[in-house]
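Participant:
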Amino acid sequence: MRRITGCDHAEQGARRPATAARLAALTIAAVLALSGCAAEPTEPTTSKAPAPSAPASSGDGVLTIGTLFSIGGSSADIAAAQIAGVELAVREINEAGGVLGEPVRVFHRTSGNADESVVEASFAELVTKEVDVVIGLTSSTLVDRIQPLADESGIALFSQATATGSAVDDTFASRVLSMDPAIRTTDFAAEAYDATILAALAATVADDDGGATIAYAAAGLMAEGGADRIECTSFGECRHVLADRADIHFSGISGALPPFS
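If you use mature numbering (1 follows the signal peptide of the UniProt record, and there is no 0), the sequence shown corresponds to residues -38 to -1, 1 to 223, in order.
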């Protein structure tokens, strides 16, 4: 699978924040890990560390997304809502023209439970599909097991390891239900939707669908900036702004994503 080389080190400094914070943290980690480097200890300094430079392009021109949700067992209802959220985002992205001029592809696999060995086999299947980003993993234990494999494969990992999902309004719930009328809950659908939109916007901004560039650009899209930055919550809205200016801030349906440093 894709390997990213080169080292750039940066100093890292209700219901919604846990998911957003986890996503931001893993995105920042992916920027460092996918560049093939681990953060090195440094002497205290008063000067500000330089921001990491953008990774080299590594995509094939087609944004391919994989998901790892706990499809069976006690979490099946939540997984169904998450998949519906991803599918809704992919449908809306493709109806708007896709990413890099091509339709987004998506493959779903089960993560199993933390006490099972299913997740590694499922991730290996996604690698054969040449996915650029994996969305899912609601268990921090599973994240810890898959993160090294994702780093090695050059795949961005957007985790949803949090205990509760965001509340959604009736309009969004209806859109999710249109993808799967049989779902029994919309819990975590917004987080899955936002992660998918974030990946698509990151590839659009970077003009590349490689895992490293998606992770790098996603961190920038979530970062707080000046007062003149334009906040947007959907792919169509954000892409409309991007036609004229690049300084957007993606906040998503599930709530404003936090800044990173």
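For glycine and all other residues, C-beta sits at the position ideal for the given N, C-alpha and C.
Here the structure is a predicted model, which is why all the values come from computation and not from measurement.
Which runs of the alpha helix (DSSP H) at least 4 residues long sit entirely within the region 98 to 160? Give them in chain order.
Facilitator: 102 to 115 and 132 to 141
Participant: Cutting at 6 angstroms between CB atoms, please list the residues of its own chain near G21, excluding the five before and the five after it.
Facilitator: D170, D171 and G172
Participant: Does the pairing of the region 103 to 117 with the region 37 to 45 give three or more beta-carbon distances under 8 angstroms?
Facilitator: These segments do not touch.
Participant: Hey, how far is the Cα of D190 from the Cα of V89?
Facilitator: 40 angstroms
Participant: Since E193 is in the beta strand (DSSP E), which residue starts that stretch and which ends it?
Facilitator: I192 to C194
Participant: In three-state terms, what does DSSP make of V63?
Facilitator: Residue identity check: residue 63 is Gly in the sequence provided, not Val. Coil, per DSSP.
Participant: Report the CB separation of I159 from A46 in whole angstroms; it is logged as a contact under 8 angstroms.
Facilitator: 14 angstroms between Cβ atoms; not a contact.
Participant: Thinking C-alpha only, which one of V81, I215, I33 and G59 is nearest T166?
Facilitator: Checking every option, the nearest Cα to that of T166 belongs to G59.
Participant: Where in the region 16 to 100 do unbroken runs of the beta strand (DSSP E), each at least 3 residues long, occur, reported from the N-terminal end onward?
Facilitator: 26 to 31, 67 to 72 and 95 to 98
Participant: For T26 versus K91, is the C-beta spacing smaller than 8 angstroms?
Facilitator: Against a cut-off of 8 angstroms, the Cβ pair of K91 and T26 comes out as a contact.
Participant: Tell me whether the region 149 to 163 and the region 204 to 216 touch, counting them as touching only if at least three CB pairs, one residue from each stretch, are closer than 8 angstroms.
Facilitator: yes
Participant: Does the beta-carbon distance from F31 to G98 come in below 8 angstroms?
Facilitator: The Cβ atoms of F31 and G98 sit closer than 8 angstroms to each other.
Participant: Provide the residue span of the alpha helix (DSSP H) that contains I176, from first to last.
Facilitator: G173 to M184
Participant: Residues in its own chain within less than 8 angstroms of R207 by CB, not counting five upstream and five downstream?
Facilitator: I192
Participant: Just to confirm before moving on: does the CB-CB distance between R67 and V96 stay below 8 angstroms?
Facilitator: no
Participant: Here's the rule I'm using: 16 or more other beta-carbon atoms within 10 Å means buried, otherwise exposed. How should T147 be labelled?
Facilitator: exposed
Participant: Using the DSSP secondary-structure output, state which residues sit across from R202 in a beta bridge.
Facilitator: The residue you asked about is not Arg; residue 202 is His in the sequence shown. According to DSSP, which records beta bridges pairwise, H202 is partnered with nothing at all.
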